[in-house]
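**Q** If you're matching them up, the sequences are chains A and B in order.
Read in order, the letters of the first sequence are residues 1352 to 1649 in this note's numbering.
Read in order, the letters of the second sequence are residues 1237 to 1646 in this note's numbering.
Beta carbons are placed, not taken as given, at the ideal position from N, Cα and C, and that holds for glycine.
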Amino acid sequence: MKEIAVANQSEGTIRRSFSISPRTSPLFPFFIFVGFFLIWPIISLIIRSFKGNEDEWTFANYSPLLHGSYFHAFVVSIKLASITALIGAILGSFFVYAIVNNAGPRVTSVLDSVCAVFANSGGVPLAFMFIAAFGTEGLFTKFLKSIGWDIYAGKFTLFSFTGVVLVYSFFQIPLMILVFKPALQGLRKEWSEASINLGANSTTYWRHVVIPILTPSFLSAFFLLFAGGFSAYATARAMTVGTVPLVPIIIGTLVDGNVISNQTNLGDALAVGMIVVAGVAMSGYLIAQRRANRWRAA
Amino acid sequence: MGIHFDYTLQGGYMRKSIISGVVAAIAVAVLPVTMATPSNAYTNFSKCSDLKACGGMDALVKAAQKEGKLNVITLPRDWANYGEAMDLFSKAFGIKITDDNPDGSSAYEIQTVKSAPDSKVPDAVDVGITYGVDNANLFAKYKVATWADIPAQYKDASGRWYGDYNGQIALAYDTSIAKAPKSFADLKDPAFKNMVAIGGDPTGAQEALMSVFAANLASGGTTKNVQAGIDYFKGLKASGNFVPVLANGQNLAAGAYKVSFSWDFNGPGAIASAAKIGKTIKYVIPTDAVIKGTPYIMAIPFNAPHPAAARLWTEFLFSQNKGMLTKDLGSTAGQTGSKIFASIMGGQNIWISGAAHPITEPAMRAKGLAINPPAGFETPASAKLVTPTPDEQTAAKALLKDQWPAIASN
């Protein structure tokens, strides 16, 4: 529980930082960084989302968000994020359970590194990896065909919603393993022994001890995965041609396209919409995280 | 907090500089008076609106060489042979060219004009036509010497922007496939199962939008309504021929697709880079639909940091001369500007050599000034060229915005 103690201490430091002292001055670069690259862009984004092309104030950028293709894009994005987060959370938990119970410290540390690499893979290289493996002429596609399974015989294509789900799972599952493993490792042997001494069988122990303890951690991990899947951009963009309408891709088209001019403010409004959705997910994450910490700190 | 700290540090200097500030203010107030005085010795290159007003070619070249630099933006070297154009201009006039973000978008160019620090503002932009129309107030008025040869519908009457070249939609294919496609209709053949791709989202990429227009034309549609084009892609998807993967070099290398729709002026570059990875690709102008895109447009931002070089670059790109290319050009030291300019190939012909269609090409053909396009990129003589108007494109985008995502959803 050493990490928690350190974390609490640094939290205290942040709270006191409004009174300038030599102790907090090393944090100034961090505050400046956050100010320039997070706070200021968000504020200017919100302001621009309420401006028209002639720099006048308007609410007009927000009305397209509520219906039609832009609304649909939010639905698809949320659906994609939820499905990939759920797949990641469930499969990831099983892997974590297997790792915690079966792997020795050396194997665990190797798996940690591997997961860290996979969880951070993304963007164009990840998309290309899958295209080279599972594309129409991918290595795996050819291999599967050689053993009699032509994955492209039916409706399947990698360049569709299903394909993007498959590719996102590639980073969602390892991310789940990384963030959920500490929770499972935090289950103390004494709790299981105590339950058994008190007459609980394995099912009762899981139902009344493990699941209640792990639920907040599981939920917080789910929300984290959701936020990651919701905001991913380059991977889907490199794989598809607007055929999976995701909000980040549409924003890209509006602010950095070659066809639609002067609709960047609409892109800004869509981005604010994304911040709201991500904000809801992150609130869920923080609430669940706080509950999880309460358990762990106990 | 950091900002406050900086101010206190500079406070002392600021007070000392008040006197020089006053001097500068007086100078600024006097300057317009000097400028208003007619003078042959002084030309304001930020304001001069044609070659004559800029003092003629010799004076323009001299001023551009004095500036010594030219900022261009988002010009890929293998796009319409821009690489040769930049090399030739640089070598002939001794002006260093900086190409910011070669693979950027039109939106990026406009954003940079609006927000870059003074010295980084591009001296000329090459953007989609709507970006010119919508942002005309960002550009200086300048009419190139070949102005009269630019069709009226593709230029701003006051000279703020003007079409430079356009592309035609070609079929690009990997020659390893069993059957070589010749038309949009061919691609419906089961021989092309899992092979056909498009170069982007038609609501965001001009090339993809024009591909839909071309498919529409081949399917009996008119430029007023692209529904037949959307249905064409729906049909290809249903038959399994259309792969909704992004058509680009990487994905071609991975074998994710074999046939794509592409601007012809990307052909020479694409063929060369495919050859490097051992792929042979070919371009063919489809027999059943020849869509000529609306031209890209050229414009000089009013705040271009090298106004003379910007005007010289524009004159060069719109020149119809047949002269020398970089590899043939010797030293130009000591030659007059007009002599150098006359000795090198003009941008209009350089674009033709890059399989693009310069805006003054019809006039050049009539005058016998145009060179021949590279082999394999000739437009079939029977082809009727169609160019969708900006309004028709807007209508198409509105339709595509709702219908395009659905063609491949599963």
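Return the chain-ordered list of same chain residues with a C-beta closer than 6 Å to the C-beta of Ser1568 of chain A, the five sequence neighbours on each side being excluded.
**A** Ala1534, Ala1643
**Q** Which residues in the same chain have their Cβ closer than 7 Å to the Cβ of Gly1573 of chain B, if we skip the five residues on either side of it in sequence?
**A** Met1293, Asp1294, Leu1296, Val1297, Lys1298
**Q** Would the C-beta of Gly1364 of chain B count as close to the ligand ATP, meaning under 8 Å from any of its heavy atoms?
**A** For the ligand ATP, the structure offers nothing, since it holds no ligand at all.
**Q** For Leu1437 of chain A and Ala1483 of chain A, I'd like the C-alpha separation in whole angstroms.
**A** Looking at the two C-alpha atoms, the distance is approximately 26 Å.
**Q** Is there a Cβ from chain B that is less than 9 Å from the Cβ of Ser1428 of chain A?
**A** no
**Q** Cutting at 6 Å between CB atoms, please list the residues of its own chain near Lys1633 of chain B, excluding the five before and the five after it.
**A** Cβ neighbours of Lys1633 of chain B within its own chain (closer than 6 Å, five residues either side excluded): Thr1439.
**Q** Identify the residues that DSSP records as bridge partners of Asn1461 of chain B: which are they?
**A** B:Thr1458
**Q** Would you mind sorting Ile1513 of chain B into buried or exposed? The rule is 16 or more other CB atoms within 10 Å of its CB.
**A** Using a 10 angstroms sphere on the CB of Ile1513 of chain B, the tally of other CB atoms stays under 16, which defines it as exposed.
**Q** List the endpoints of the continuous alpha helix (DSSP H) containing Pro1563 of chain A.
**A** 1562 to 1582
**Q** Decide if Tyr1448 of chain A is buried, meaning its Cβ has at least 16 other Cβ atoms within 10 Å, or exposed.
**A** Result: exposed.
**Q** At which residue ranges does the segment 1303 to 1353 of chain B contain complete beta strand (DSSP E) runs of 3 or more residues, listed in the order of the chain?
**A** Every unbroken stretch of the beta strand (DSSP E) spanning 3 or more residues and falling wholly within the segment 1303 to 1353 of chain B is given here in chain order: 1305 to 1309, 1332 to 1336.
**Q** If the criterion is Cβ atoms closer than 9 Å, does the pair Ser1496 of chain B and Gly1435 of chain B meet it?
**A** yes
**Q** From which residue to which residue does the beta strand (DSSP E) around Val1432 of chain B run?
**A** 1432 to 1434
**Q** Give, in chain order, every residue of the segment 1574 to 1596 of chain A whose Cβ lies closer than 9 Å to some Cβ of chain B.
**A** Arg1588, Ala1589, Met1590, Thr1591, Val1592, Gly1593, Thr1594, Val1595, Pro1596
**Q** Quick check: the Cα distance between Phe1388 of chain A and Gln1639 of chain B, rounded to an integer number of angstroms?
**A** 37 Å
**Q** List, in chain order, every chain A residue whose beta-carbon is nearer than 9 Å to that of Pro1438 of chain B.
**A** The answer, in chain order, is Val1592, Gly1593, Val1610.
**Q** Note down, in chain order, every chain B residue with its Cβ under 7 Å from the Cβ of Ala1411 of chain A.
**A** Within 7 Å Cβ-Cβ: nothing; Ala1411 of chain A doesn't reach chain B, min ~17 Å.
**Q** Give the range of the alpha helix (DSSP H) segment to which Phe1336 of chain A is assigned.
**A** Coverage of chain A is limited to positions 1352 through 1649, which leaves residue 1336 of chain A absent and any answer about it impossible.
**Q** Please classify Glu1700 of chain A: is it buried, with 16 or more other beta-carbons within 10 angstroms of its beta-carbon, or exposed?
**A** Nothing can be reported for residue 1700 of chain A: it is not among the residues displayed for chain A, which extend from 1352 to 1649.
**Q** Flag Trp1587 of chain B as yes if its beta-carbon sits less than 9 Å from any beta-carbon of chain A, otherwise no.
**A** no
**Q** Leaving out the 5 sequence neighbours to the left and right, which residues in its chain are closer than 7 Å to Ser1579 of chain B when beta-carbon positions are compared?
**A** Gly1559, Met1560
**Q** Check the Cβ of Tyr1503 of chain A against every Cβ in chain B and list those closer than 7 Å, keeping chain order.
**A** Asn1430
**Q** Using only CA atoms, which one of A:Lys1540, A:Asp1463, A:Phe1577, A:Ala1467 lies nearest to Met1625 of chain A?
**A** If you compare the alpha carbons of A:Lys1540, A:Asp1463, A:Phe1577, A:Ala1467 with that of Met1625 of chain A, the shortest gap goes to A:Phe1577.
**Q** If contacts are defined as beta-carbon pairs under 8 Å, then Tyr1636 of chain A and Leu1565 of chain A qualify, I think. What distance do you get, rounded to the angstrom?
**A** Rounded, the Cβ-Cβ distance is 15 Å, inconsistent with contact.
**Q** For chain B, check one thing: does any of its Cβ atoms lie closer than 9 Å to the Cβ of His1559 of chain A?
**A** no
**Q** In chain order, which continuous runs of the alpha helix (DSSP H) of length 4 or greater are located wholly inside the segment 1502 to 1548 of chain B?
**A** 1503 to 1512
**Q** Using the beta-carbon of each residue, which ones in chain B are nearer than 8 Å to Thr1604 of chain A?
**A** Asp1437, Thr1439, Gly1440
**Q** Nearest CA to the CA of Thr1562 of chain B: which residue from B:Cys1290, B:Thr1279, B:Leu1453, B:Lys1327?
**A** B:Lys1327
**Q** Can you find the residues in the same chain that come closer than 7 Å, C-beta to C-beta, to Val1363 of chain B, ignoring five residues on each side of it along the sequence?
**A** Excluding positions up to five away in sequence, the list reads Ser1342, Glu1345, Ile1346, Tyr1532, Ile1533.
**Q** CA-CA distance, Gly1207 of chain B and Leu1548 of chain B?
**A** Nothing in the structure corresponds to residue 1207 of chain B, since chain B is present only between 1237 and 1646.
**Q** Going by Cα to Cα distance, which pick from A:Ala1632, A:Asp1619, A:Glu1541, A:Ile1441 is closest to Tyr1421 of chain A?
**A** A:Asp1619
**Q** Return the first residue and the last residue of the beta strand (DSSP E) that Leu1482 of chain B is part of.
**A** 1478 to 1482
**Q** Asn1402 of chain B bridges to which residues according to DSSP?
**A** B:His1593
**Q** Report the partner residues of Ala1375 of chain B according to the DSSP bridge assignment.
**A** The question names Ala, but residue 1375 of chain B in the sequence shown is Phe. BP columns for Phe1375 of chain B point to B:Pro1537.
**Q** Compare the C-beta of Ala1492 of chain B against all C-beta atoms of chain A and say whether one is closer than 9 Å.
**A** yes
**Q** Closest to Thr1596 of chain B by C-alpha separation, out of B:Pro1624, B:Pro1610, B:Ser1475, B:Asn1557, would be which residue?
**A** Thr1596 of chain B has its Cα closest to that of B:Asn1557, out of B:Pro1624, B:Pro1610, B:Ser1475, B:Asn1557.
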